[in-house]
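Student: Residue numbers (this note's numbering): 1 to 166.
Pasting a structure below so you can have a look.
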Amino acid sequence: MYMQAIQDDITTLHVDAVVNAANSSLLGGGGVDDASHRAAGPDLLEACRSLGGCPTGEARITRAYHLPCQWIIHTVGPVWQGGKDNEAELLASCYRNRLKLAVRQHMTSIDFPAISTGVYGYPAEPAAAIAIATCRACQQQYAGPDRVCFVCFDARSMMIYQSLLT
Ligand code: APR
């Protein structure tokens, strides 16, 4: 598994799957969620309605509609509560469950935003460390996806991921 970090808008990427940082309703919100729904179009909301929500730490998959990628994997990260409410394990399970879904769908690449580090307030550095460590651990377990990309929206996130990936 090749891991890299880029600075970009995740809704513009021509890859197998992008991950949406959703909430448990799966009916849209702000940040990545808003950008994904705006770019994918109204059919995405219809598809999400039929999924009936998603618990924190789990993942659901839909087609990507007008996004340039094939699939959107919706996941709900933990809201940061100060670190004493199992946030680290819930965040790790987000990455683990998405990778499992990607492998099940025979995806060769998956692009992750920095889940929970926006509206949900998870501190960027520990969140990045969990993301990378979980993906490395999954590399041992699953044969794929070949490429994992951490899509940073700003320069600070990019610096954090680059420092952890070198
Ligand atoms: N491309 C890549 N990354 C993005 C984009 C984008 N278009 N838009 C935002 N980001 C980054 C943010 O800068 C942050 O680092 O994604 C990370 C996650 O931020 P949020 O989208 O706010 O997600 P999260 O913190 O997981 O909160 C989820 O916010 O938008 C609502 O409905 C969503 O209730 C849910 C909550």
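In this text, a Cβ means the ideal position worked out from N, Cα and C, and glycines have one as well.
Using only the heavy atoms of the ligand APR, determine whether one of them is closer than 7 Å to the beta carbon of residue 113.
Tutor: For the ligand APR, at least one heavy atom lies less than 7 Å from the Cβ of residue 113.
Student: CA-CA distance, residue 188 and residue 156?
Tutor: The structure shown does not extend to residue 188, since the chain is modelled only from 1 to 166, so the question has no answer here.
Student: On the three-pair Cβ rule with 8 Å, is the stretch 40-52 touching the stretch 100-118?
Tutor: Output reads no: the stretch 100-118 does not touch the stretch 40-52.
Student: Along the chain, where does the alpha helix (DSSP H) that runs through residue 139 open and close?
Tutor: It spans 124-141 - the alpha helix (DSSP H) in which residue 139 sits, taken as one unbroken run.
Student: Between the stretch 72-89 and the stretch 113-121, do three or more beta carbon pairs fall short of 8 Å?
Tutor: The stretch 72-89, when compared against the stretch 113-121, does touch it at the 8 Å Cβ threshold.
Student: With which residues is residue 159 paired in a DSSP beta bridge?
Tutor: According to DSSP, residue 159 bridges with nothing at all.
Student: From the DSSP output, in three-state form, read off residue 66 for me.
Tutor: Residue state, collapsed to three classes: coil.
Student: Looking only at C-alpha atoms, which of 158, 109, 116 and 89 sits nearest to residue 133?
Tutor: The shortest Cα separation from residue 133 among 158, 109, 116 and 89 belongs to 89.
Student: In this structure, how does DSSP classify residue 86 when only helix, strand and coil are distinguished?
Tutor: Of the three classes helix, strand and coil, the one that applies to residue 86 here is coil, per DSSP.
Student: Provide the residue span of the alpha helix (DSSP H) that contains residue 50, from first to last.
Tutor: From DSSP, residue 50 is part of no alpha helix (DSSP H); its letter is neither H nor E.
Student: Give a single yes or no on whether residue 15 has its beta carbon closer than 7 Å to a heavy atom of the ligand APR.
Tutor: Outside the cutoff, so no.
Student: Would residue 20 be called buried (16 or more neighbouring beta carbons within 10 Å of its own) or exposed?
Tutor: Residue 20 is buried by the Cβ-count criterion.
Student: Taking only three categories from DSSP, how would you classify residue 115?
Tutor: Residue 115 falls in the coil class under three-state DSSP.
Student: Residues in its own chain within less than 6 Å of residue 131 by CB, not counting five upstream and five downstream?
Tutor: Once the five neighbours on either side are set aside, the close Cβ partners of residue 131 are 95.
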